[in-house]
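Numbering (this note's numbering), first residue to last: 141 to 539.
Here's what the structure looks like:
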C-alpha cells in the first residue's frame with residue numbers, strides 16, 4: 141500500500157459556538173494535519189498512534205468492525221471504531237479483511253483546533269480509498285460527525301468535520317441539507333497559538349446549551365407576541381435564530397435570569413456580525429454598509445484593497461471575541477493576556493478558536509507582521525503557535 145491519507149486541523153474564523161444551534165459557521169483549515177498510513181491487510185482492524193507512543197501511553201487499538209464495542213474513558217481507539225462502524229454502514233461495504241494503520245497527528249489535543257475531527261476525517265478518507273468507496277467531502281464529514289456525535293455521544297456540532305474534510309475557508313449551513321460554500325481566501329493569513337490551557341468540549345457545550353434552554357423556558361412563560369413565540373422553541377437547536385432580531389427580543393430578555401439572557405443575546409449578535417463578514421468576503425457588501433454597522437472610525441474609510449478588508453474583518457473578529465468573553469463567558473485571564481499582546485504586535489483581530497476556557501486563539505495578520513504577532517503570543521504565555529494560510533482539505537497522496 142503506497143498511499144497516505146491526511147486531513148487538516150481547523151480554526152474557528154467566524155461564529156464560534158453557533159454550529160450546534162443550527163447557525164452558519166465559518167471555519168478555516170490550517171497547516172497542521174493528521175496522517176494515517178495503511179500498513180497491511182489483517183484479520184482485524186488495528187490503529188497505532190505514534191503520538192501516544194512517543195508519550196509512552198497505551199497506543200494500539202484492535203477491533204472487529206462487525207462487533208464494535210466502545211471502551212469509554214476517552215480511549216483514543218473509540219474514534220476509529222466509531223468511524224469504521226459508520227463508514228461500513230453508510231457505504232454498504234462488507235469488508236472481507238481488516239486493515240492495520242498508523243496515525244501521526246500534528247494537531248494538538250484540547251487546543252481548540254479540531255483534533256478529534258481531524259483524525260476521524262483522515263481515517264474515513266483512508267477507509268474510502270482502501271475499500272474503493274467514492275465519497276464526497278460532505279459524505280466524509282457526515283460519517284465522521286455521526287461517529288462522534290451519535291455513536292460516541294459527544295455533543296459536538298458539524299463545524300470540525302466539515303472544516304477538515306473541505307479545507308480552505310467555507311460557510312457551513314448547519315441545518316439540513318448542510319450546504320457548503322467555499323469563500324475566497326486569497327490574501328488571508330492567520331496566526332494560531334495554543335494557550336496550553338486544556339479544555340474539553342464535553343464540559344463546555346452542554347453547560348451553555350442548558351443555560352439557553354433555561355432562558356427559552358423562562359421566555360415561554362412571558363406574554364410574548366405571537367410572532368416571536370413562533371420563532372422560539374424549547375431547546376437551543378429548535379429556535380429560528382436567524383429570524384429573530386435583537387430589537388424584538390431584547391425587552392423580554394430583561395425579564396428573565398441574567399445568565400440565560402446573555403447566552404441568547406450572544407447568539408443573535410454573533411450571527412449578525414458573521415453575516416456582515418460573509419457578505420464582505422463574497423464581495424456583496426459595500427464597505428460603507430459594513431463600517432456603519434460596526435461604527436468604525438472614519439480613518440478606516442481611507443484604506444484601500446486588502447488592507448481595508450483585513451481591517452474590517454479583524455474588527456469583526458475582535459467584536460466576536462468580546463461577545464465570547466462578556467456574554468458567553470468562555471475566556472480566561474491567560475487568554476486575554478495573550479490576545480492583548482498579539483493585538484499590540486499588529487494583528488488586525490484576535491479571537492478564541494474552539495470551545496474556549498483555554499485552547500487556541502486565532503489572529504488575522506499580514507505577512508510583514510505575522511512572525512511578530514506569533515512571537516508576542518508566545519512571550520505572553522502561549523506554549524506553541526503557527527502561521528498558516530487556508531489549507532487544502534482531506535486528501536490521499538501516493539508515497
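We put the CB at the ideal spot given by N, CA and C, even for glycine.
Values in this document were obtained by computation on a predicted structure and should not be read as measured data.
Query: Taking DSSP as the reference, what is the three-state secondary structure of residue 417?; Result: helix
Query: Here's a check: name, in chain order, each residue in its chain whose Cβ is nearer than 8 Å to the Cβ of residue 520, leaving out the five neighbours to either side.; Result: 477, 478, 480, 481 and 482
Query: How should residue 176 be labelled, buried or exposed, when 16 other C-beta atoms within 10 angstroms of its C-beta is the threshold for buried?; Result: buried
Query: At what residue ranges does the segment 203 to 242 contain a whole run of the alpha helix (DSSP H), taking only runs of 4 or more?; Result: 217 to 231
Query: Just list the alpha helix (DSSP H) runs in the segment 236 to 283, keeping only unbroken ones of 4 residues or longer that don't cross its boundaries, in chain order.; Result: 255 to 270
Query: Taking just the CA atoms, how far does residue 411 sit from residue 489?; Result: 17 Å
Query: Between 324, 501 and 487, which lies nearest to residue 512 when the distance is taken from Cα to Cα?; Result: 487
Query: Curious, which full-length beta strand (DSSP E) runs of at least 3 residues does the segment 495 to 523 contain?; Result: 500 to 504
Query: Determine the closest residue to residue 243 out of 237, 256 and 252, with distance taken between C-alpha atoms.; Result: 256
Query: In chain order, what residues of the same chain have a beta carbon less than 6 Å from the beta carbon of residue 434, not counting five sequence neighbours either side?; Result: 455
Query: Which partner residues does residue 174 have in the DSSP bridge list?; Result: 147 and 245
Query: Taking Cβ positions, are residue 396 and residue 358 nearer each other than 9 Å?; Result: yes
Query: Can you tell me which of the three DSSP states residue 398 falls into?; Result: helix
Query: Quick check: the Cα distance between residue 493 and residue 151, rounded to an integer number of angstroms?; Result: 6 Å
Query: Using 10 angstroms around the beta-carbon of residue 346, count the other beta-carbons present and answer buried if the total reaches 16, otherwise exposed.; Result: exposed
Query: Can you confirm whether residue 414, when its beta carbon is compared against all beta carbons of chain D, has any partner nearer than 9 Å?; Result: The chain labelled as chain D is not found in the depicted structure, where only one protein chain is given.
Query: Are the CB atoms of residue 499 and residue 338 nearer to each other than 9 Å?; Result: yes
Query: Please report how far the alpha carbon of residue 368 lies from the alpha carbon of residue 404, in whole angstroms.; Result: 14 Å
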